[in-house]
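Peer 1: Pasting a structure below so you can have a look.
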Amino acid sequence: MKLLDIKNLSLRINTAPILHNVSLTMQPGEITAITGESGSGKSMTALAIMGLLPQGAVPGGQIMLDGTDILQTPEPALCKMRGNTMGMVFQEPMTALNPLQTIGAQVAETILIHEKTTKAQAHASAAAMLQRVGLDQPPSRYPHELSGGQRQRVCIAMAIARHPKLLIADEPTTALDVTTQARILALLRGIVRDFDMGLLLITHDLAVVADVADRIVVMEKGRVVETGPTQHLLQNMQHPYTRALFAASTHRVDLPAHKAAPPLLTVRGVTRAYPPSRKTLLGPRHRFKALDDVSFHIDHGERVGLVGESGSGKSTLTRAILGLEAVQQGQITLDGQPVFTGHKPNIAVRRQMQVVFQDPYSSFNPRHRVARLITEPFHLLENPPNGAARDRAIANALRDVGLSPDDANKYIHEFSGGQRQRIAIARALIVQPELIIFDEAVSALDVSVRAQVLDLIADLCRKRPLAYLFISHDLSVVRSITDRVLVMQAGKIVEQGATETVLTRPRHPYTQSLIAAAPRLPATGAA
Amino acid sequence: MIRYTLGRLTSLTVSLIVASLVIFAVIEVIPGDPAAFMLGVNARPDTIAALRAEMGLDQPLFQRYFAWVAGMLQGDFGTSWTYKTPVADLISARIWVSLPLAAYALILSTAIAFPAGIYAASRRGGAGDITIMGATQLGVAIPNFWFAMILVLIFAVNLRWFSAGGFPGWGNPALALKSLTLPAIALALPQAAILARVMRSSLLDMLGEDFIRTARAKGLTRRQALWRHAVRNALIPVLTILGLQFSFLLAGGIIIEQVFFLPGLGRLIFQSISARDLIVVESVVMLLVFLVIVVNFAVDLAYAAVDPRLRRR
Amino acid sequence: MRARNLIIGAALTAVFIALAVMSFFWTPYDIATLDIPGRLKTPGAAHLLGTDHFGRDILSMIMMGARTSIAVALVAVGIGMALGIPLGLLAAARHGSLLDEIIMRGNDLIFAFPSLVIAILITAVFGASAVNAIIAIGIFNVPVFARLTRSAALPLWERDFILAARVCGKSAARISVEHILPNIANLMIVQGTIQFSLGILAEAALSYIGLGAQPPTASWGRMLADAQTLVSIAPHVALIPGFAILLMVLGLNLLGDGLRDWLDPRLRVARV
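These protein sequence lines are chains R, S and F, in that order.
Read in this note's numbering, the first sequence has 228 at position 228, and its numbers run on one by one without any break.
For this note's numbering, count along the second sequence from 1 and bump the result up by 1000.
For this note's numbering, count along the third sequence from 1 and bump the result up by 2000.
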């Protein structure tokens, strides 16, 4: 018997159509992955199975789960099924737990809701379940005392406490570091095997899908475009969207070769420690070193990558290079001039550096027009262009990043995420800096848009030699867009060298673990 | 927890010291010669001199300040110039009207606002929600002293359920409570309206949080998720308002006492202002500010009791 | 529903502002002339809202009172905004510094002095007047705006567009004015409306207990104080000024809520 059988599921929220005739089936104990870009309707499909659709949602069709049609089941009966027949894990472990309750109590609640049992027994089972998911913390902990990976383990324990037949995981590892992701995925696989549970994994990441899933369902704009067993589907992609998605995920840009040049940015022995904080009243003061004796350089026209997990010191380093934060030891110089003179950032140096941030939605003042947004760096110039010269500079900058000069009079909310990152690049380029820092600049973008933005960067490098520091947690992105790569861990640079060399023959154990943990797409027969 | 409490205690002490300095400066420094000010333009020089001596005005400022603070710490608030009795006695006779009134009103306000706010949030957009929100919109706009007058008109003058004013003393607690009931209602309802609105919007915020979705995915009903997960989280911002409300109830009580002719601190302070008895004004104001600061300290401790994230710091 | 709040609120507010403005040029009767034989008349053709215990026309008093209420509340909110917003911007720009700490502790301290207590202190030393009411309410408004500005500005400082502006070498002051202020302006307008309504209530309370505007200045609070003993004989004398306060405050609150829903429903307004 099928565990899950969705037939012609359609959905609109108020008047907006979200899903069209979605059909898919799952066998017990099977791992099925739904993949697609944002707006494909994959999360809504998951919520529909849970019976947790938002207000104003009008579903149609049939969702048979373990012999029950979810869409025809009244709410009280659905409550009895949730947590019991199907459980769900969400994307953001930092906010998914009630901050005021211990994790043990929150796991025990799943049991107490559905079983007639004593509180003590429920707590004992909860503790056992927390151990099963590999949490090395006592159940008396509160969520804020745990890391993201640990919290996600708690969420999983909560979802499977009653051994449901179907576990839905909506982007369960997207908010986590790559090594943590690998461990959580391994845990999910183990649980599915041990509990003979079906897992419906929702993810945008094709590499994760290829690593974990038995079957793949590819969705685009609310429709299922292709489905099949993982290996078979990856070898015989039929639908053009699947192929495009796959091509974008493995996209390699064509970067012009870098010619040897004198050093541009030099970072020497930089240390930045944050003020000590005491954990207990009389305990020792812990001095937290965000940057610990960091040294490296970037040559003129050289493209350097910086990889590391959250908390490794990447953002502190960015801020230090940009002169936004003073360092306690060491020196950062650009073309021989210090970024900081005394305690004041050096304007002449700042003029030579610009930055592109990660989040296309928070990078711009929503109240200014594009023309004003991208000319903000003119503030650094002694004689900023004005009048016709300014208009020309704006038009050129927009054209350079593939936008139209007419876009100058629009507000930022009129643009998509990918277009916004183009505007951010235009803003960075308008003063023709020597060095650009891309701070996770493509991490928030869908794969197809990401590929386009990476191509744009390569294009710009062809037009004029451009040096940049490309910061990313994603090794596959860094691979083709940089000449050289630095690997950072706990405030230290543990390995650096030519990108291809480091990624194929890592020497430091940390780099090795990063590369081992990264999910990989198999070579395909996409033809 | 100890560290947090110590931190709050320090800030309580600093607040009290600065507040006392401000009050001392306004009352004893700004008027120039407080004795001459209190006695008015027609006072005889020897009377002024007598008062100056009694108030210790011939001493340097900082000495007077320390004497005042030291006195208060020992329960000595000086002697009233108009009543010729120790201010401490004047206050202790009246504070047992003002404090119970504020507490009574706070209890009423909470008892009305919490259920109303929770009900409205759980029925968002429904008829109950719209009715409650409409009522709170009126409640927020109503001046409490005018509301008090209307209560007197209806329940004392027309229905004769309550007396229109006065206070029989705590000899008969039931009667005393009864005479404080109309004033407490007048004070409580407008505050309850504000509190209910804060409770509702805070709850609605919480209901949109991820952990509520997690709770629903565990199999909790909407109602269970609301009561077990949203309410306690929603209390955190509500506590802030509750702390502020106490100071409004205390201050508002001063006004309401006027409507109901209650012999509380309000009456004392207004009589002292018109009699220019700065000694009484200074002490009563310090007492009011002391109460507000202490209540805010208690609110800070309540935060920590509700929120484990604060206990660690 | 949203538009309805905005329209009703704006209409009520406009009526009272119109009455107040009109009082500068014309009132039905002169409120300085007493007419003892014609006192305590119920509303009728000659006196639309009746007369008080001195035979003064209540409509004219309401118009003059509106002027006092609006003037006091408006100036008080102005003081609160003019001092509070820059302090809040400064505290946010220097987040975590000693200056931030001092500003915020100062705010906490003022919150320990309800505006009534400030009024008591001022009156005890300087005597009662409308100016005292303005100062007392104004001082109380400072921390309201300072806190709100700071709490709205802090998350903005974490946003990437502020970092980008810093990369472009802009100073904290320039960023505060150019980037922070326009993004919190809506919130300030909405909160300003709410504080305006609270100012009307506070002015009425202060003049009711005699700490606000003094005779012969007309004020709604004083009218209520005068009417208190007459409640059972001539209820309209006490009811009308109360309704005036109620409607004006209700109008401003509806206007504030309507503005918020219209500008940005997610704005977090502080109500104290």
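Using N, Cα and C, we set each Cβ at its ideal position, and we do this for glycine too.
Note that the structure is predicted; figures quoted are calculated from it, not measured.
Roughly how many whole angstroms lie between the Cα atoms of S/G1078 and S/G1032?
Peer 2: Approximately 20 Å, taken between the alpha carbons.
Peer 1: CA-CA distance, R/K80 and S/L1226?
Peer 2: Using only the alpha carbons, I get a separation of about 17 Å.
Peer 1: For the segment 2148-2163 of chain F, list every residue whose C-beta sits within 8 Å of some C-beta in chain R, in sequence order.
Peer 2: Listed by position along the chain: R2159, D2160, F2161 and L2163.
Peer 1: Can you tell me which of the three DSSP states R/A33 falls into?
Peer 2: Residue state, collapsed to three classes: strand.
Peer 1: Using a Cβ-Cβ cut-off of 7 Å (strictly less than) and excluding sequence neighbours within five positions of R/L54, which residues of its own chain qualify?
Peer 2: Sequence check: residue 54 of chain R is Pro here, not Leu. Within the same chain, R/P54 has close Cβ partners I13.
Peer 1: Examine chain R for any beta-carbon lying closer than 8 Å to the beta-carbon of S/L1207, and answer yes or no.
Peer 2: Taking Cβ atoms only, chain R never reaches closer than 8 Å to S/L1207, which makes this a no.
Peer 1: Less than 7 Å between C-beta atoms, sequence neighbours within five positions excluded: which residues of the same chain meet that for F/G2258?
Peer 2: Cβ neighbours of F/G2258 beyond the five flanking positions: R2002, N2005, L2006 and G2009.
Peer 1: Where does the unbroken alpha helix (DSSP H) through S/S1201 begin, and where does it stop?
Peer 2: Start and end: P1173 to L1207.
Peer 1: If I measure Cβ to Cβ from S/F1260 and keep anything under 6 Å in the same chain, skipping five residues before and after, which residues do I get?
Peer 2: These residues qualify, in order along the chain: G1165 and P1183.
Peer 1: Output yes if chain S places a C-beta closer than 8 Å to the C-beta of F/I2232; else output no.
Peer 2: The residue asked about is misnamed: residue 2232 of chain F is Ser in this sequence, not Ile. Cβ-Cβ to chain S under 8 Å: yes for F/S2232.
Peer 1: Determine the direct distance from the alpha carbon of S/A1036 to that of S/A1053, and round the result to whole angstroms.
Peer 2: Computed Cα separation, rounded: 12 Å.
Peer 1: Can you tell me which of R/L234, R/E220, R/H114 and R/A290 puts its alpha carbon nearest to the alpha carbon of R/I493?
Peer 2: Among R/L234, R/E220, R/H114 and R/A290, the Cα nearest to that of R/I493 belongs to R/A290.
Peer 1: Comparing the C-beta of F/H2179 with each C-beta of chain R, is any distance below 8 Å?
Peer 2: Closer than 8 Å to some Cβ of chain R, the Cβ of F/H2179 qualifies, so yes.
Peer 1: Tell me where the beta strand (DSSP E) around R/S448 begins and ends.
Peer 2: Unbroken run through R/S448 is the alpha helix (DSSP H), V447 to K463; no beta strand (DSSP E).
Peer 1: Please state the DSSP three-state secondary structure of S/I1030.
Peer 2: It is coil, neither helix nor strand.
Peer 1: Can you list, in chain order, the residues of its chain with a C-beta nearer than 6 Å to that of R/F508? Leave out the 5 residues immediately preceding and following it.
Peer 2: The sequence shown places His at residue 508 of chain R, rather than the Phe named in the question. These residues qualify, in order along the chain: V494 and E495.
Peer 1: Suppose the cutoff is 6 Å on Cβ atoms and the five residues either side in sequence are ignored; what does the same chain contact list for S/D1300 look like?
Peer 2: So the list reads R1008, once near-sequence residues are dropped.
Peer 1: Kindly indicate which residue of R/D446, R/I216 and R/H258 has the alpha-carbon position closest to the one of R/I528.
Peer 2: Here chain R covers residues 1 to 527 and nothing more, so residue 528 of chain R does not appear.
Peer 1: With DSSP as the reference, label R/K119 as helix, strand or coil.
Peer 2: In this structure, R/K119 counts as helix in the three-state DSSP scheme.
Peer 1: Give me the subset of the segment 75-96 of chain R whose CB atoms are less than 8 Å from a CB atom of chain S, sorted by chain position.
Peer 2: Listed in sequence order: E75, P76, C79, K80, M81, R82, G83, N84, G87, M88, F90, E92, T95 and A96.
Peer 1: Report yes or no: is there a C-beta of chain S within less than 8 Å of the C-beta of R/P377?
Peer 2: R/P377 does not count as touching chain S.
Peer 1: Between S/T1010 and chain R, is the shortest Cβ-Cβ distance under 8 Å, so that the two count as touching?
Peer 2: S/T1010 does not count as touching chain R.
Peer 1: Hey, is S/M1149 close to the ligand COA, as in C-beta under 7 Å from one of its heavy atoms?
Peer 2: The ligand COA is not part of the structure shown, which contains no ligands of any sort.
Peer 1: Counting Cβ pairs closer than 8 Å, one from the segment 213-233 of chain R and one from the segment 423-434 of chain R, do we hit at least three?
Peer 2: Taking 8 Å as the limit for Cβ pairs, the verdict is that the segment 423-434 of chain R does not touch the segment 213-233 of chain R.
Peer 1: If we ignore side chains and look at the alpha-carbon of each, how far apart do R/G491 and R/T316 end up?
Peer 2: Near 9 Å, if we compare the C-alpha coordinates of R/T316 and R/G491.
Peer 1: Give the straight-line distance between the Cα atoms of R/M64 and R/M219, rounded to the nearest whole angstrom.
Peer 2: Near 20 Å, if we compare the C-alpha coordinates of R/M219 and R/M64.
Peer 1: Name the two residues that bound the continuous beta strand (DSSP E) containing R/H413.
Peer 2: Segment: none, R/H413 is in no beta strand (DSSP E) and carries neither H nor E.
Peer 1: How do the segment 508-520 of chain R and the segment 169-186 of chain R stand: do at least 3 beta-carbon pairs fall below 8 Å, yes or no?
Peer 2: At 8 Å Cβ cutoff, the stretches touch.
Peer 1: For S/R1160 and F/R2105, what's the separation of their Cα atoms in angstroms?
Peer 2: About 49 Å.
Peer 1: Any contact between the segment 127-141 of chain R and the segment 1265-1277 of chain S? By contact I mean 3 or more CB pairs, one from each, below 8 Å.
Peer 2: No: the two stretches stay apart, fewer than three of their Cβ pairs being nearer than 8 Å.
Peer 1: Taking only three categories from DSSP, how would you classify R/T280?
Peer 2: In this predicted model, R/T280 has a pLDDT of only 46, less than 50, meaning its place in the structure is not dependable; the value taken from the coordinates is given anyway. In the structure shown, R/T280 sits in coil (DSSP, three-state: anything other than H, G, I, E or B).
Peer 1: On the criterion of 16 or more Cβ atoms from any shown chain inside 10 Å, does R/Q354 qualify as buried, or is it exposed?
Peer 2: Under this definition R/Q354 is a buried residue.
Peer 1: Just the chain F side, please: which residues come within less than 8 Å of R/V355 by C-beta, in chain order?
Peer 2: The contacting residues are L2163, A2164 and V2167.
Peer 1: Is there at least one Cβ from chain R nearer than 8 Å to F/N2183's Cβ?
Peer 2: It does: the Cβ of F/N2183 has a partner Cβ on chain R nearer than 8 Å.
Peer 1: R/E325 by DSSP, collapsed to three states: which one?
Peer 2: R/E325 falls in the coil class under three-state DSSP.
Peer 1: When the Cα of F/A2073 is compared with those of F/R2222, F/F2243, F/W2262 and F/A2130, which residue comes out closest?
Peer 2: It is F/A2130.
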